[in-house]
Amino acid sequence: MINGKRVAIVLPAYNAEKTLKKTYSEVPHDIVDDIILTDDASKDRTAEVSRELDIKTFVH
């Protein structure tokens, strides 16, 4: 939260299984309230990894 306002990050993703954990680890969790991942029908485990990290995940 910054100045009383909620902060959300939206991560568009496609086949991001190999990079998602690193990206997630670089998010400033002390100011970010929500992380949302939109998976564009990845062929790998992007959505599963996202859910393992407890990221709100939408697949389309």
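Number 63 marks the last residue of the sequence shown (my numbering); no jumps.
By construction, the Cβ of each residue, glycine as well, lies at the ideal position given by its N, Cα and C atoms.
Buried versus exposed call for residue i [16 or more other C-beta atoms within 10 Å across all chains shown]
i	result
residue 33	exposed
residue 11	exposed
residue 58	buried
Cβ neighbours of residue i in the same chain (closer than 6 Å, five flanking residues each side left out)
i	result
residue 45	17, 18
residue 38	12, 58
Nearest residue (CA-CA) to residue i, options the options
i	options	result
residue 24	12, 52, 15	52
residue 43	6, 26, 11, 20	20
residue 9	35, 50, 60	35
Under the three-state DSSP convention, the category residue i falls into
i	result
residue 23	helix
residue 13	strand
residue 62	strand
Contact test: residue i Cβ vs the ligand HEM heavy atom, cutoff 7 Å
i	result
residue 58	In the structure shown, the ligand HEM is absent, as is every other ligand, since no ligand is present at all.
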